[in-house]
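Per our numbering, the very first residue in the sequence shown carries number 258; after that it's consecutive.
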Amino acid sequence: MATFEFFNPASDKRTQSDVLEQLVDVIGDDVSSSLTRRKYQVWVTGSGVSAGVTSSLFQTVYDQDFTLQTANPVFDVTIGIHTSSVLIPALTTSYDSVNDQYYFPSSSMMMREKIDLYRTFAQQLLGNDNQAFTFVSGALAGTAIKEAVFLSFKRLFARDQVKRETFALRAFQSASLSGLVNLERQGIGEAIYTDLGSTINVNYSFPGGSVGTIVNTSNTSSVGLVWHDQGIVVLDASRVFDSTEQITGSINSINLTNEPFTGSLLYSGTGPCNALFASASVDDVVDHICSTRFIGSDATVMAFQNQTNINSSVFFCKFEADRFNYSSNPTYTDSSGRIVVIDPGQEDVQRSFSFITSIGLYDADNNLLAVAKASRPILKNYQRSFTIKVRTDY
Numbered sequence: 258m259a260t261f262e263f264f265n266p267a268s269d270k271r272t273q274s275d276v277l278e279q280l281v282d283v284i285g286d287d288v289s290s291s292l293t294r295r296k297y298q299v300w301v302t303g304s305g306v307s308a309g310v311t312s313s314l315f316q317t318v319y320d321q322d323f324t325l326q327t328a329n330p331v332f333d334v335t336i337g338i339h340t341s342s343v344l345i346p347a348l349t350t351s352y353d354s355v356n357d358q359y360y361f362p363s364s365s366m367m368m369r370e371k372i373d374l375y376r377t378f379a380q381q382l383l384g385n386d387n388q389a390f391t392f393v394s395g396a397l398a399g400t401a402i403k404e405a406v407f408l409s410f411k412r413l414f415a416r417d418q419v420k421r422e423t424f425a426l427r428a429f430q431s432a433s434l435s436g437l438v439n440l441e442r443q444g445i446g447e448a449i450y451t452d453l454g455s456t457i458n459v460n461y462s463f464p465g466g467s468v469g470t471i472v473n474t475s476n477t478s479s480v481g482l483v484w485h486d487q488g489i490v491v492l493d494a495s496r497v498f499d500s501t502e503q504i505t506g507s508i509n510s511i512n513l514t515n516e517p518f519t520g521s522l523l524y525s526g527t528g529p530c531n532a533l534f535a536s537a538s539v540d541d542v543v544d545h546i547c548s549t550r551f552i553g554s555d556a557t558v559m560a561f562q563n564q565t566n567i568n569s570s571v572f573f574c575k576f577e578a579d580r581f582n583y584s585s586n587p588t589y590t591d592s593s594g595r596i597v598v599i600d601p602g603q604e605d606v607q608r609s610f611s612f613i614t615s616i617g618l619y620d621a622d623n624n625l626l627a628v629a630k631a632s633r634p635i636l637k638n639y640q641r642s643f644t645i646k647v648r649t650d651y
């Protein structure tokens, strides 16, 4: 049974904050393999000339085969286009200013959805869905990111925030110029991108929080942004990848004549519909980026340190010499009221004692809030005075 003692908040309680850091690395196989990238078929076209096209709005990268129960989602990946991109006016057939609605030809694919995806992240990170992401430091400060690749890390891995100057990404700038009709060819021109300098150039946005610039380690040119508090990376597709390189392969299209694709990732001298970002579905573009721009092996392609903020309250539970030597447990006395731990006839010689096994923390209304268990019973008698420290983390 419990014996109660009141705390003195000034001397018996302390609060503190700690930071727990953990290294997270993502291997190439997890990004490039279709077995570890989960798709969500939530978008579908009309039938058109060929069968309808289905696509995800984003894909989720897992740390193993996503069909296994032990698989953990690591991050979501998708793309987006801002309305200031040259692809928008080049493809727009008409614009409804009343409803802010763009109309595009059937030779393009999911252009509205790509605009909406960009706006979704802009609203979350910038607080304005019409605003473009811009570099916050370096020679390109203020320059807009018009065609973006978004990486949104899950809470399980990003925790409370990504530690500044720990994020690194390794990717191929170009895809192979193979003549095979296949978009998923191994890339070339490997580069490493990091948020180097984000501890010096500290920037904030509302409501996104801390934001740093991602740079190419070979020349420190800006290629993207990382929101440390949100665990979200925004990459400028035109700077991370070779946007004008010739790509040959096949894509899903409502017109059979458009399925054999020849063009570039973003810009093409033969027209905007020969840009993969415009002609292909979100799934096709994400498949191409993940399958060709990240090495398919157990080598690390992304890494960062996460931070978990641990707030603690430490309670100093004092056991004075003349306190807690008795128990209100009914078994502590016999039917005649004699203390059973004292030998019969030794009441004037021996003194009562107890063993402490648990400590309960109560609020002012006598509600039990937390329980601390001792690893073994602790002897308490009139000769022993000590303090037990109880820590609660949250």
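Beta carbons: idealized from backbone N, C-alpha and C, even for Gly.
Tell whether a beta-carbon distance below 8 Å holds between residue i and residue j.
| i | j | result |
| --- | --- | --- |
| Ser570 | Lys270 | yes |
| Ser615 | Asn582 | no |
| Ser495 | Ser312 | no |
| Asn563 | Val281 | yes |
| Arg416 | Glu447 | no |
| Thr451 | Val468 | no |
| Leu314 | Leu383 | no |
| Ser462 | Gly395 | no |
| Val628 | Cys574 | no |
| Asp591 | Val597 | yes |
| Val288 | Phe551 | yes |
| Val543 | Thr335 | yes |
| Thr565 | Leu277 | yes |
| Pro464 | Lys411 | no |
| Asp333 | Ser409 | yes |
| Phe390 | Ala398 | no |
| Val310 | Ser510 | yes |
| Ala425 | Ala560 | yes |
| Leu618 | Phe572 | yes |
| Asp275 | Ile567 | yes |
| Gln316 | Arg294 | yes |
| Pro362 | Thr377 | no |
So, at 7 Å on beta carbons, what are the nonlocal neighbours of residue i in its own chain, with the 5 sequence-adjacent residues on each side left out?
| i | result |
| --- | --- |
| Leu523 | Glu404, Ala494, Ser495, Ser500, Ala532, Phe534 |
| Asn385 | Ala379 |
| Ser365 | Leu348, Cys530, Ala535, Ser536 |
| Phe643 | Phe576 |
| Tyr639 | Ala578, Asp579, Asn582, Arg608 |
| Ser291 | none |
Let's test the definition: count the other Cβ atoms within 10 Å of the Cβ of residue i and tell me whether it reaches 16, buried, or not, exposed.
| i | result |
| --- | --- |
| Phe261 | exposed |
| Lys637 | buried |
| Thr549 | buried |
| Gly594 | exposed |
| Gln607 | exposed |
| Glu370 | buried |
| Leu434 | Bear in mind that a pLDDT of 41 at Leu434, under 50, signals an unreliable position, so the model cannot answer this. |
| Ile546 | buried |
| Asn387 | exposed |
| Phe498 | buried |
| Asp541 | buried |
| Phe263 | exposed |
| Thr477 | exposed |
| Gly481 | buried |
| Thr588 | exposed |
| Thr470 | buried |
| Ser655 | As displayed, the chain neither begins before 258 nor continues past 651, which places residue 655 out of reach and without an answer. |
To which residues of the same chain is residue i closer than 6 Å at the C-beta, ignoring the five residues directly before and after it?
| i | result |
| --- | --- |
| Thr272 | Ser570 |
| Leu437 | Low confidence applies to Leu437: its pLDDT is 42, below 50, so where it sits in the model is not reliable, and the reading given next is rough at best. Within the same chain, Leu437 has no close Cβ partners at all. |
| Ile489 | Ser409 |
| Leu440 | With a pLDDT of 46 at Leu440, under the threshold of 50, the modelled position of this residue cannot be trusted; read the value that follows with caution. Closer than 6 Å at Cβ, skipping near neighbours: Gly506, His545. |
| Ile645 | Cys574 |
| Gln298 | Thr311 |
| Gly466 | Asp486 |
| Tyr651 | Asn568 |
Closer than 8 Å by C-beta to residue i: which residues in its own chain qualify, once you throw out the five before and the five after it? Chain order, please.
| i | result |
| --- | --- |
| Phe612 | Pro634, Ile635, Leu636, Lys637 |
| Ile284 | Ser554, Asp555, Ala556, Thr557, Val558 |
| Met367 | Trp300, Ser312, Ser538, Val539 |
| Phe372 | Residue identity differs from the one stated: residue 372 is Ile in this sequence, not Phe. So the qualifying residues of the chain are Gly337, Ile338, His339, Thr340, Ile345, Tyr359. |
| Ile449 | Ala425, Leu426, Arg427, Asn473, Thr474, Ser475 |
Spell out a yes or no on whether the stretch 413-423 and the stretch 453-473 are touching, meaning 3 or more CB-CB pairs, one atom from each, closer than 8 Å.
yes
When the Cβ atoms of the stretch 502-510 are set against those of the stretch 482-494, are three or more pairs found closer than 8 Å?
no
Whole alpha helix (DSSP H) runs in the stretch 364-399 with 4 or more residues, listed along the chain?
368-383
Tell me, please, whether the stretch 320-333 touches the stretch 354-364 by the rule of three or more beta-carbon pairs shorter than 8 Å.
no
Is the stretch 331-345 in contact with the stretch 397-413, if contact means three or more CB pairs nearer than 8 Å?
yes
Could you tell me which whole alpha helix (DSSP H) segments of length 4 or greater appear in the stretch 483-517?
494-497
What are the complete beta strand (DSSP E) segments, minimum 3 residues, inside the stretch 297-347?
316-319, 330-338
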